[in-house]
DNA sequence: TTGAAAGCGCTAACAT
DNA sequence: ATGTTAGCGCTTTCAA
């Protein structure tokens, strides 16, 4: 059994109250006593029991991160773990801990409700992978410090943050127009369900409209397999695009394959650009120009927000976005 | 403030002891009373306060996962997060939680010591990324339920688990020999530091020796950039290998590039095989035959072990390995 | 500046 | 089968 505050108090010849104050840097303890007690604590390898402390303080110093953790998720969605890494890093700095919990979209409301009523954690960050209207309702009712990562596609008063996808689209368009490209094709996923790409497209439309230009959008399913097909489609247009803008790396790789087969040179004959820096854009040959959002940074922002919300529950901010940037490489 | 056990006891007209027993399924409570109290708990949205409970029980129901969480780690090492996912999944089943904590190899011993003396968690799983002799010493002294993921490269009594890399090498060799390949080149990283590849090589040597065969090993630095160079080297050998076995996907991609340039056909002119299924082997064209270790499964095993160790600290098992498998694809 | 003592909400030993 | 009560190890109020 580890030393308790009583052991330390006895050894120091003071009361446990004084020990507690000394370790928590309370003003009403003489500097000399503080020093003495701290030195002794160090010597005795004393650390305050976390369970007793959180019980007494009525707070756990823990932030919950809830998401859908299925097999292969780390390969399918490393971005999520990069966000988590950012969160962990910031919490660490502030002496908070990160508790990771799995949920499915179906059971997430119940899971969160249980954990938060139990007061396992002081606040909760939820990945949009498990977001639903039911969950938004639960969050709203529980009135617990929370933040959803990913913009809800329905109207709700809950707090969320996301990458500004529209701005990402604008940045991509601005970059390409600036480079002198005029004929562009945008390759994305499903017309109805690929909301993220749709937001990017909005941003691009906006910028192209300013120049009184337009571009073609080709819809697929966002997979590697649909890449070659969409690429063929783009190459066989009467006015061949000067640049293909892909909504993800897999599409871009698919395009690369077709372009290579046709013996076309990149970027001379046709340029290519992609959203996301991961997982191939720097490894493809030629290396791909990409629009990247900093997930690590986003995680840190999320953590910063939730800690503020924990400290000041009346905080009014509801939502905010982070801004992506263009990484120029060889393909444009 | 949420309902406490006192509220529930009052509402049910029983003592808090009975409520506690009913909720913890104690034998000495009539089935009827249990039902009644549980129904009431449900109705009142009562959940026992996690902090009070862990304080009273003297255990937190938390397992710590400690690793080095640097920027881009999710892209560089998704395997680690896949392990984490497996851990989380298993802990969930057993009503345990996973606390994620960052450490560097330098501060890990101190971090772990602090957290475990504080009794934040009931046990700790440590990724080999932060393992050191100092850390092994700390673990040994603390005498706390622990498991290191990754085989220590020094002698120590601490508990660890790892993929059986030697067996992975054997499996790869067995597969290739079985396919009829006889001349093989193994492309790996640094001769001194790439321990994992060295273990694989041992396994391969073993199997080749049985057939009175041998193979060539080419050393590089394990990066994508070294791939083409090693590949050229292999192709220009007086007796050209029939198959290139790469220790990771990056090397394999580098090889693919050179082979394609030379207009060689895979697997007719030369076959290619790689360790790891990630990140490209299924996306490369042709798709690459690979030796894969199931990280998710390994995570589950790790969690199972740590929970057993928590329940039975005297458990003697020190180490164990998981077995990789070959995924056959088009490149061999 | 320090100490005594009352919680914090639960579990579990002991009593009935 | 149920109730009473003593902890669990800290923080914090109140008193000195």
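Protein chains in written order, with our numbering: chain A, 190 to 521; chain B, 190 to 521.
For every residue, glycine included, the Cβ atom is placed at its ideal position computed from N, Cα and C.
{"Check": "Counterpart residues of residue 514 (chain B) in DSSP-defined beta bridges", "Outcome": "B:481"}
{"Check": "Chain-ordered chain A contacts of residue 262 (chain B) [CB-CB under 7 Å]", "Outcome": "274"}
{"Check": "Meets three-Cβ-pair contact criterion under 8 Å: the region 347 to 355 of chain A and the region 492 to 511 of chain A", "Outcome": "yes"}
{"Check": "Partner residues on chain A for residue 237 (chain B), Cβ-Cβ distance less than 7 Å", "Outcome": "307"}
{"Check": "Amino acids of chain A, ordered along the chain, whose beta-carbon sits closer than 7 Å to that of residue 465 (chain B)", "Outcome": "What residue 465 (chain B) touches in chain A: nothing, since even the nearest Cβ is about 11 Å away."}
{"Check": "Rounded C-alpha distance that separates residue 408 (chain A) from residue 418 (chain A)", "Outcome": "10 Å"}
{"Check": "Per DSSP, cross-strand counterpart(s) of residue 314 (chain B)", "Outcome": "B:254 and B:336"}
{"Check": "Residues near residue 329 (chain A) in its chain [Cβ-Cβ closer than 8 Å; skip 5 each side]", "Outcome": "345, 346 and 347"}
{"Check": "Span separating the alpha-carbon of residue 483 (chain A) from that of residue 274 (chain A)", "Outcome": "12 Å"}
{"Check": "Assigned exposure category for residue 359 (chain A) - 16 Cβ within 10 Å defines buried", "Outcome": "buried"}
{"Check": "Neighbour flag for residue 290 (chain B) against chain A, beta carbons, 8 Å", "Outcome": "yes"}
{"Check": "Close beta carbons around residue 288 (chain A), own chain, < 8 Å, minus the five adjacent residues each side", "Outcome": "251, 252, 253, 254, 309 and 310"}
{"Check": "N- and C-terminal bounds of the alpha helix (DSSP H) containing residue 302 (chain B)", "Outcome": "297 to 306"}
{"Check": "Backbone secondary structure at residue 181 (chain B) - three-state DSSP", "Outcome": "Summary: the structure shown does not reach residue 181 (chain B), with chain B confined to residues 190 through 521, and so no result is reported for it."}
{"Check": "Secondary structure of residue 196 (chain A), DSSP reduced to three states", "Outcome": "helix"}
{"Check": "Residue 383 (chain A) burial status per 10 Å Cβ neighbour count (16 or more: buried)", "Outcome": "buried"}
{"Check": "Cβ neighbours of residue 263 (chain B) in the same chain (closer than 8 Å, five flanking residues each side left out)", "Outcome": "270"}
{"Check": "Buried or exposed by the 16-neighbour rule on C-beta atoms within 10 Å, applied to residue 466 (chain B)", "Outcome": "buried"}
{"Check": "Residue 343 (chain B) burial status per 10 Å Cβ neighbour count (16 or more: buried)", "Outcome": "exposed"}
{"Check": "Contacts of residue 491 (chain A) in chain B (Cβ-Cβ under 7 Å)", "Outcome": "Chain B residues near residue 491 (chain A): none, gap ~14 Å exceeds 7 Å."}
{"Check": "Test item: CB-CB of residue 487 (chain B) and residue 272 (chain B) under 8 Å", "Outcome": "yes"}
{"Check": "Straight-line gap, residue 462 (chain B) to residue 361 (chain A) (C-alpha atoms, nearest Å)", "Outcome": "38 Å"}
{"Check": "Interface flag, residue 278 (chain B) vs chain A, CB-CB below 8 Å", "Outcome": "yes"}
{"Check": "Candidates A:285, A:313 and A:375, of which the one nearest residue 460 (chain A) by Cα", "Outcome": "A:375"}
{"Check": "Spatial distance of residue 299 (chain B) from residue 246 (chain A) (CA atoms)", "Outcome": "25 Å"}
{"Check": "Residue from A:495, A:441 and A:498 with nearest C-alpha to residue 520 (chain A)", "Outcome": "A:441"}
{"Check": "Nearest-angstrom Cβ-Cβ length linking residue 498 (chain A) and residue 341 (chain A), presumed shorter than 8 Å", "Outcome": "The pair is not a contact, with the Cβ atoms about 17 Å apart (cut-off 8 Å)."}
{"Check": "Straight-line gap, residue 276 (chain A) to residue 281 (chain B) (C-alpha atoms, nearest Å)", "Outcome": "21 Å"}
{"Check": "C-beta neighbour in chain A for residue 356 (chain B), strict 8 Å", "Outcome": "no"}
{"Check": "C-beta neighbour in chain A for residue 267 (chain B), strict 8 Å", "Outcome": "yes"}
{"Check": "Integer-rounded CB distance, given that residue 230 (chain B) should sit under 8 Å from residue 197 (chain B)", "Outcome": "6 Å"}
{"Check": "Buried or exposed by the 16-neighbour rule on C-beta atoms within 10 Å, applied to residue 228 (chain B)", "Outcome": "exposed"}
{"Check": "Between the CA atoms of residue 515 (chain A) and residue 477 (chain B) - distance to the nearest angstrom", "Outcome": "32 Å"}
{"Check": "Beta carbon proximity, residue 376 (chain A) to chain B, threshold 8 Å", "Outcome": "no"}
{"Check": "Cβ neighbour criterion (16 or more within 10 Å) applied to residue 256 (chain A)", "Outcome": "buried"}
{"Check": "Candidates B:371, B:321, B:268 and B:238, of which the one nearest residue 403 (chain B) by Cα", "Outcome": "B:371"}
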